[in-house]
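Protein chains: 2
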Amino acid sequence: MSDRTRIAVLVSGGGTNLQALLDAQQRGQLPSGEIVLVLSNRADAYALERARKAGVPTAVTERRQYPTQAAFEEAMLKEIESHGVQMLILAGFLAILSEDFTRRFPERILNVHPSLIPAFCGKGFYGLKVHEAALARGVKVSGATVHFVNEIPDGGRILLQKAVPVLPDDTPETLQKRIMQECEWVLLPQAAEMVAASLLDQNEKEI
Amino acid sequence: MSDRTRIAVLVSGGGTNLQALLDAQQRGQLPSGEIVLVLSNRADAYALERARKAGVPTAVTERRQYPTQAAFEEAMLKEIESHGVQMLILAGFLAILSEDFTRRFPERILNVHPSLIPAFCGKGFYGLKVHEAALARGVKVSGATVHFVNEIPDGGRILLQKAVPVLPDDTPETLQKRIMQECEWVLLPQAAEMVAASLLDQNEKEI
Numbered sequence: 083m084s085d086r087t088r089i090a091v092l093v094s095g096g097g098t099n100l101q102a103l104l105d106a107q108q109r110g111q112l113p114s115g116e117i118v119l120v121l122s123n124r125a126d127a128y129a130l131e132r133a134r135k136a137g138v139p140t141a142v143t144e145r146r147q148y149p150t151q152a153a154f155e156e157a158m159l160k161e162i163e164s165h166g167v168q169m170l171i172l173a174g175f176l177a178i179l180s181e182d183f184t185r186r187f188p189e190r191i192l193n194v195h196p197s198l199i200p201a202f203c204g205k206g207f208y209g210l211k212v213h214e215a216a217l218a219r220g221v222k223v224s225g226a227t228v229h230f231v232n233e234i235p236d237g238g239r240i241l242l243q244k245a246v247p248v249l250p251d252d253t254p255e256t257l258q259k260r261i262m263q264e265c266e267w268v269l270l271p272q273a274a275e276m277v278a279a280s281l282l283d284q285n286e287k288e289i
Numbered sequence: 083m084s085d086r087t088r089i090a091v092l093v094s095g096g097g098t099n100l101q102a103l104l105d106a107q108q109r110g111q112l113p114s115g116e117i118v119l120v121l122s123n124r125a126d127a128y129a130l131e132r133a134r135k136a137g138v139p140t141a142v143t144e145r146r147q148y149p150t151q152a153a154f155e156e157a158m159l160k161e162i163e164s165h166g167v168q169m170l171i172l173a174g175f176l177a178i179l180s181e182d183f184t185r186r187f188p189e190r191i192l193n194v195h196p197s198l199i200p201a202f203c204g205k206g207f208y209g210l211k212v213h214e215a216a217l218a219r220g221v222k223v224s225g226a227t228v229h230f231v232n233e234i235p236d237g238g239r240i241l242l243q244k245a246v247p248v249l250p251d252d253t254p255e256t257l258q259k260r261i262m263q264e265c266e267w268v269l270l271p272q273a274a275e276m277v278a279a280s281l282l283d284q285n286e287k288e289i
């Protein structure tokens, strides 16, 4: 067995959360894990460029290339298995994953959500919509949550949360930026290391 | 007109939030307001004793003494009006207030809720139940919210929120204590002063 947990990061867009993970790895803050694959569901995702710059293998599986959701997920699984991946991190991954898929990786898929779950989460709450809803309700505190992915949208076990103030002049964009910089980019590498270390421990016990 | 906004605090129990308000007033941290009445819906509420020790007038109106909700609220209104009260603070007040009642005091009734609204609020979420639900969901951050009371349970405009960490060994009781001490007792006097000052400004403009 490897002495580090093998991680795939799933992306769809700019990949700022991927960059936070790559930077943490570079700084030695992910000692129990190694990012061995960046998998995108869009060929034009800038996240792929970030992966290449960091020397991490990439793969692209676009939903439209496959006749069914099952075939799409089968193609992703093939990539994941061929790289010996043991845990997944969703970093701005906007494709749907079926219950069949998520059940293959119980407590091995991490997601980051830009609110303090259970506030402003579940169906329809993604991207700027989350921050628009928070400002519409007039909350004075928001933040981000890293949680395991299961069959319930934003319903899996919570690993880490961090709060930041909502300021009187905030727009959805300024709130999004504060939560990314102060919460998501901080929490995601921490949670990745926690889970990677815990999976290493499990593997050692199994040997 | 008085040069301070006249405040009634409504209580049902031990009155620790009332004490936080009385202490703030004593320390000069409520310069725009004056607590002129403590109104309890229970004759045996220890909060009444706290009011007497601070020299604040008290009144008791128990629901069971009145044939209808309307008659009960009429009795409360009589007390409130006879003391020239301009704003109300619910500090652990467990009786129901009708829409007719709350509509008489638009943005003039404050409540403190022991969670970060919109998490763990609304019907059925009071006292320890709030903290039991937070621990059951496994959140890592909780806190308190001071908001205006309107016809929607915990649905009024939010004034202040403060977050604290949930710790791995927390019980509902330890979490409740941390949120009371670090959030509720801090936020409630701050919010009281904010609203009292804002009502003074309004009154000056009306004169």
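Sequences listed follow chains A and B, in order.
All residue numbers for the first sequence refer to the numbering used here, where the first residue is 83 and numbers rise by one.
All residue numbers for the second sequence refer to the numbering used here, where the first residue is 83 and numbers rise by one.
Cβ atoms here follow ideal geometry from the backbone N, Cα and C, with glycine treated the same way.
Nearest-angstrom Cβ-Cβ length linking residue i and residue j, presumed shorter than 8 Å
| i | j | result |
| --- | --- | --- |
| L159(B) | I191(B) | Actually they do not touch by this definition, with Cβ atoms about 13 Å apart. |
| P200(B) | R219(A) | 6 Å |
| L249(A) | G225(A) | Not really, about 14 Å apart at Cβ, beyond 8 Å. |
| I117(A) | V142(A) | Contact doesn't hold; Cβ gap of about 16 Å is too wide. |
| H195(A) | P254(A) | That pair is no contact at about 15 Å. |
| S114(B) | E233(B) | Contact doesn't hold; Cβ gap of about 27 Å is too wide. |
Span of the alpha helix (DSSP H), counted from its first residue to its last, around residue i
| i | result |
| --- | --- |
| M158(B) | 151–164 |
| L130(A) | 128–135 |
| A125(A) | Segment: none, A125(A) is in no alpha helix (DSSP H) and carries neither H nor E. |
| F183(A) | 181–185 |
| L172(A) | Note, L172(A): premise wrong, no alpha helix (DSSP H); beta strand (DSSP E) at 169–172. |
| L104(B) | 98–108 |
| L210(A) | 210–219 |
| L257(A) | 254–261 |
Pairwise C-alpha distance: residue j and residue i
| i | j | result |
| --- | --- | --- |
| I89(B) | K211(A) | 39 Å |
| S122(A) | S94(A) | 5 Å |
| V103(A) | L270(A) | Residue identity differs from the one stated: residue 103(A) is Leu in this sequence, not Val. Those two C-alpha atoms are separated by around 7 Å. |
| L282(A) | E189(B) | 55 Å |
| S164(B) | T140(B) | 12 Å |
| K287(B) | F230(B) | 22 Å |
| D236(B) | L242(B) | 13 Å |
| K205(B) | V277(B) | 26 Å |
| A157(A) | L112(A) | 28 Å |
| E144(A) | F154(A) | 7 Å |
| A273(B) | A273(A) | 36 Å |
| I240(A) | V223(B) | 10 Å |
| P149(B) | V246(A) | 48 Å |
| Q284(A) | G209(B) | 39 Å |
| F207(A) | L176(A) | 12 Å |
| V221(B) | V228(A) | 10 Å |
| E131(B) | S180(B) | 27 Å |
| A127(B) | G174(B) | 11 Å |
| R124(A) | D85(A) | 31 Å |
| G238(B) | M262(B) | 21 Å |
| Q168(A) | Q151(A) | 22 Å |
| I178(B) | A279(B) | 27 Å |
| F294(A) | G110(A) | This structure does not reach residue 294(A), given that chain A is present from 83 up to 289, and the question cannot be answered. |
| Q108(B) | Q108(A) | 55 Å |
Residues near residue i in its chain [Cβ-Cβ closer than 6 Å; skip 5 each side]
| i | result |
| --- | --- |
| A215(A) | F202 |
| L172(B) | L92, N193 |
| G166(B) | R88 |
| M83(A) | A caution first: M83(A) carries a pLDDT of 49, below 50, which makes its placement in the model unreliable, though a value can still be read off. Only N285 meet the Cβ criterion. |
| D162(B) | Per the sequence shown, the amino acid found at residue 162(B) is Ile instead of Asp. Around I162(B): A90. |
Neighbourhood of residue i by C-beta, 8 Å cutoff - its chain only, sequence neighbours within 5 removed
| i | result |
| --- | --- |
| K244(A) | G225, A226, E264, C265, V268, L269 |
| L217(B) | V248, D252, T253, P254, L257 |
| R186(B) | L159 |
Endpoints, the beta strand (DSSP E) within which residue i is located
| i | result |
| --- | --- |
| P247(A) | 240–247 |
| I191(A) | 191–195 |
| I89(A) | 87–93 |
| T143(B) | That residue, T143(B), is in no beta strand (DSSP E); it is neither H nor E in DSSP. |
| T227(A) | 223–230 |
Contacting residues, own chain, Cβ-Cβ under 7 Å from residue i (five flanking each side not counted)
| i | result |
| --- | --- |
| A129(B) | V93, G95, G96, G97, L100, V120, S122 |
Validate contact between the stretch 101–121 of chain A and the stretch 132–141 of chain A using beta carbons, cut 8 Å, 3 pairs
Short answer: they touch.
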